[in-house]
Structures are given as C-alpha cells and as structure tokens.
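Protein chains in written order, with the working numbering: chain A, 12 to 208; chain B, 12 to 208.
Cβ coordinates follow ideal geometry from the N, Cα and C atoms, glycine included.
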DNA sequence: TTCGAATGAGACATTCATGTCTCATGTGGG
DNA sequence: CCCACATGAGACATGAATGTCTCATTCGAA
C-alpha cells in the first residue's frame, strides 16, 4: 500500500487541476470537461477520477474560492485600524482570486433554489460587519446599507476582473481603481484623501 | 392574403414573447426554449417560427436591450447640465431595463471570439463621453479612467438588479444606491451634497 | 358559412456534453 | 525482476436541449 505516493501525488495533482480549471473557467465559464482536462494536461478519465463530475468540480472550485477569500479576509485584518484602510487591504489581498470569484459570482446565480455553500454567508457576514463598523465609526455614510455595499464590492471585483481580462486596464491598477471608486466615488473631492502604507 | 392581420398579430406577439423571455431569462439565464415558450404562453413550435433558434432569440434580446439602453441615454440628456446629474438621470432611466442588461452583461462574456453587437460599442462610447465630460468639467476625479467608470457602472447595475431580484433591497432604492455609490462612494462627506429635481 | 393562415401538440432525428466502462501502457516500489 | 496502481486513450450508453417535421384544430376575414 503506497500511502505516501498516493496522498502526495493525488494532492499535488488535484491542486494543479483545480488551478488550471479555475484559470480556464474564468475565461470561458462554459468550458467542457474535455477542455478542462486538456487545460490541466490530463485525460478526461483522470479528471473524472478526481472529480465525480462537473458539479463536483464546480463545488470544489467554490470551496477553493471561499477558502482563498477567507484567507484574504484574515490577511486583511478587517477589524484593525480604519475601516477604509481595511477595505483597501481586503481588495489588495483578494485580487489574486478575483477571476475565480467572478466566475463563482455568476455561477451562483444559476443555482436557483438549491442550497448554496454556507461559506458565502460567512463571507457576507464578515464583510458586512466591516462596513457596519465603518458606519458606526463615522467613516462611512449610513444611507447605504452594509448589504448593498457588500454586494457592490462583489460586483466591482467581478467587473474589475473582467476588464483586466479583456485588457482594457492594467492588472496593476486593479486594487486602486476598485477601492478608490468604492470608497471615494467618481466625484472629485476638494479635501485631499489620506493614504495608508 | 391578410397583410394587415399578419403583420399586426406577428408584431404584437413578437414583442410580448420578447418581454416574457427577458423577464424569464433575467431570473434563470439557462432557461430552456420550452420554458421560454411556456412563459410566453405559446408553444415551442410557434416560438421557433418567430425566432430561428436560441441564438436568434438571444440576439433579438440583445437588440432589445441595446435599444432600451439607447432610449434611456436619449431620455437622460447626457450632455445637458452637470455630469453628475446626467448620471443620476441615466441610472433612473435605465432602471426598468436593468434585469435584461444584467442578463446580457453576463451572456456577452460567453461570446469569446465571436464578433459582438456593434451597439455595445456605441453605448460604451456615449457613456464614456459622459464621464470624460465630467472630468474635463472638474466634477469628476481624473485618476479613474472613463473606461473603468463605464464598466463599473455596468457592474453596479447588474449587482443592483441581482440584489433587488433576491429581495435584499427594495426596488425603489435601486437608482439612489447605485448613483450614490458610483458618484459619492462609501466614505462619509463632511460637506453636504447637493440634490437635483 | 367557408377558406386560409396561424397555432398547438407531439413525434422524430440530431447534436453535444456527460458519465461509465474496458484495456493497454508505463512507472514506481518492494 | 515483478506487481500493483495510476494513467491515457477510446469506445459506448445516456440524457438533455435543439431543430425539423406533420397534422389536427382554431380563429379571423371574406
């Protein structure tokens, strides 16, 4: 029995397959299992051995996306310092997962009645809490609900990922253009905004 | 030969079918031709007689969405008055088409290499021009490109339509929450913002 | 009333993605 | 060296959506 070889090889490949699938489905959300397999450099049979089906693959990608998102939330230390700075850190940390997030964001809208991954609610709760903290802080305006701000953040991340993918803007501008729009809006400010880090 | 009856009945039904399809696909973007037909109260055969196939239906919806969007742009009088007020008018006018727009927005990302409807470029150009005018005006900040502001507006409209559809926020708040976020951002302003109409 | 056109219902073939299976190959560990 | 196991290749069946067809019915206009 090859415990070592088994768990090692499987784990590595699974991770690699997942990454490839994420990269591909980010660009073409309707990609075939065949295309996914080819993109990962494996055969369709092997792909099916690792993920029972397309559903299982998407679920695994969902878990991956949620995990990366939660890791980003952790790294952003949402409850430290100014709420606006926390938002900046959050967007910066979540940027690598933006493409995957955009894919899952639109994919989730197809799930209709089916129960969705509980992880999303946790993420919603944490991000909403950040916006609420900023409101109680006096930093954020109170006439926009935390729920809307959270959803808008998702939408902007998806739009940002899409616009970077199509080459309309440079990847390096991703965090700035999202945070600046979300926090400051399009209107020009007379007072200079302060910066962090 | 019943010229009158023909053109009249066909036109009316086509419009009605298009509306029903838009309403359905807004909620369930993967709906079957069967479901579309049922939602319109006609048979699948008749649906196929009016639209050669699913492709043709989506193309027709695309044209409808673009037409409604351009009508909204016209009604908003983008080049009159303050640019920020024009944005407010635009969002208010485009609100009825938001669901359809959201559907088309995600649908367009699947078109990969295929050439897309030229109408989108026209819309992009007109909206970009509005933001550019606001920048040259001194109203809008210049460190966010018109292209990004345009794309962000699309994203926020889609997010807004989605969040209204799921009941997280009231439909009546749709225009305000989008314009306020897009223009003013989440940060609280010391100076009171002025209002229009 | 009668004729013609549009419709609805449904059968049918086709295409495509998916899921399952078998078998040959190759590789790594014992 | 040998064996177990993962893999790749491909055949095969399945299901779903689509597109096309026919035929009976209904509705409107002459």
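Any C-beta of chain A under 8 Å from that of residue i
{"i": "residue 154 (chain B)", "result": "yes"}
{"i": "residue 43 (chain B)", "result": "no"}
{"i": "residue 49 (chain B)", "result": "no"}
{"i": "residue 95 (chain B)", "result": "yes"}
{"i": "residue 121 (chain B)", "result": "yes"}
{"i": "residue 39 (chain B)", "result": "yes"}
Residue i at chain B interface by Cβ criterion, 8 Å
{"i": "residue 31 (chain A)", "result": "no"}
{"i": "residue 117 (chain A)", "result": "yes"}
{"i": "residue 76 (chain A)", "result": "no"}
{"i": "residue 188 (chain A)", "result": "yes"}
{"i": "residue 55 (chain A)", "result": "no"}
{"i": "residue 19 (chain A)", "result": "A caution first: residue 19 (chain A) carries a pLDDT of 40, below 50, which makes its placement in the model too unreliable to give a value."}
Candidates the options: closest to residue i by CA position
{"i": "residue 188 (chain B)", "options": "A:84, A:127, A:190, A:161", "result": "A:161"}
{"i": "residue 212 (chain A)", "options": "A:92, A:97, A:33, A:165", "result": "This structure leaves residue 212 (chain A) out entirely; chain A is present only between 12 and 208."}
{"i": "residue 59 (chain A)", "options": "A:44, A:178, A:173", "result": "A:44"}
{"i": "residue 201 (chain B)", "options": "A:171, A:38, A:152", "result": "A:152"}
{"i": "residue 41 (chain A)", "options": "B:112, B:100, B:119", "result": "B:119"}
{"i": "residue 144 (chain B)", "options": "B:105, B:89, B:99", "result": "B:89"}
{"i": "residue 111 (chain A)", "options": "A:179, A:195, A:65, A:165", "result": "A:165"}
{"i": "residue 142 (chain B)", "options": "B:80, B:35, B:193, B:168", "result": "B:193"}
{"i": "residue 65 (chain B)", "options": "B:81, B:48, B:78", "result": "B:48"}
{"i": "residue 70 (chain A)", "options": "A:115, A:27, A:150", "result": "A:115"}
{"i": "residue 179 (chain A)", "options": "B:135, B:169, B:182, B:184", "result": "B:135"}
{"i": "residue 27 (chain A)", "options": "A:39, A:51, A:122", "result": "A:51"}
{"i": "residue 105 (chain A)", "options": "A:81, A:91, A:126, A:94", "result": "A:81"}
{"i": "residue 5 (chain A)", "options": "B:62, B:197, B:177, B:130", "result": "Outside the shown range of chain A, which is 12 to 208, sits residue 5 (chain A), and nothing can be said about it."}
{"i": "residue 184 (chain B)", "options": "B:132, B:197, B:102", "result": "B:102"}
{"i": "residue 100 (chain B)", "options": "B:35, B:199, B:197, B:190", "result": "B:190"}
{"i": "residue 36 (chain A)", "options": "A:68, A:198, A:53", "result": "A:68"}
{"i": "residue 284 (chain B)", "options": "B:93, B:29, B:195", "result": "This structure cannot settle anything about residue 284 (chain B), because the visible part of chain B is limited to 12 through 208."}
{"i": "residue 171 (chain A)", "options": "B:87, B:175, B:163, B:196", "result": "B:163"}
{"i": "residue 158 (chain A)", "options": "A:169, A:147, A:138", "result": "A:138"}
{"i": "residue 33 (chain B)", "options": "B:167, B:76, B:146", "result": "B:76"}
{"i": "residue 173 (chain B)", "options": "B:140, B:63, B:39, B:46", "result": "B:39"}
Amino acids of chain B, ordered along the chain, whose beta-carbon sits closer than 9 Å to that of residue i
{"i": "residue 191 (chain A)", "result": "152, 154, 155, 196"}
Contacts of residue i in chain B (Cβ-Cβ under 7 Å)
{"i": "residue 160 (chain A)", "result": "197"}
{"i": "residue 132 (chain A)", "result": "Here the premise fails: no neighbours, minimum Cβ distance about 13 Å."}
Chain-ordered chain A contacts of residue i [CB-CB under 7 Å]
{"i": "residue 139 (chain B)", "result": "Chain A residues near residue 139 (chain B): none, gap ~11 Å exceeds 7 Å."}
{"i": "residue 163 (chain B)", "result": "167, 170, 192"}
Heavy atom of the ligand NAP within 7 Å of residue i beta-carbon
{"i": "residue 93 (chain B)", "result": "For the ligand NAP, the structure offers nothing, since it holds no ligand at all."}
Under 8 Å from the C-beta of residue i: neighbouring residues of chain A
{"i": "residue 149 (chain B)", "result": "199"}
Margin query: Give the list of continuous alpha helix (DSSP H) stretches no shorter than 4 residues that lie fully inside the segment 29 to 65 of chain A.
Written below: Listed in chain order, the alpha helix (DSSP H) runs fully inside the segment 29 to 65 of chain A are 44 to 51, 55 to 61, counting runs of at least 4 residues.
Note to self: Counting only Cβ-Cβ distances shorter than 7 Å, please list the residues of the segment 169 to 180 of chain A near chain B, keeping chain order.
What the structure shows: Residues are counted here when their Cβ sits less than 7 Å from a Cβ of chain B; for the segment 169 to 180 of chain A these are 169, 170, 173, 174, 179, 180, given in chain order.
Checklist line | alpha helix (DSSP H) segments (min. 4 residues) lying fully within the segment 100 to 125 of chain B | finding: Those alpha helix (DSSP H) runs which fall completely within the segment 100 to 125 of chain B and span 4+ residues are 109 to 119.
Next item on the list: Please go through the segment 164 to 196 of chain A and give each complete alpha helix (DSSP H) segment of 4 or more residues, from N-terminal end onward.
Entry: Complete alpha helix (DSSP H) runs here, min 4: 185 to 190.
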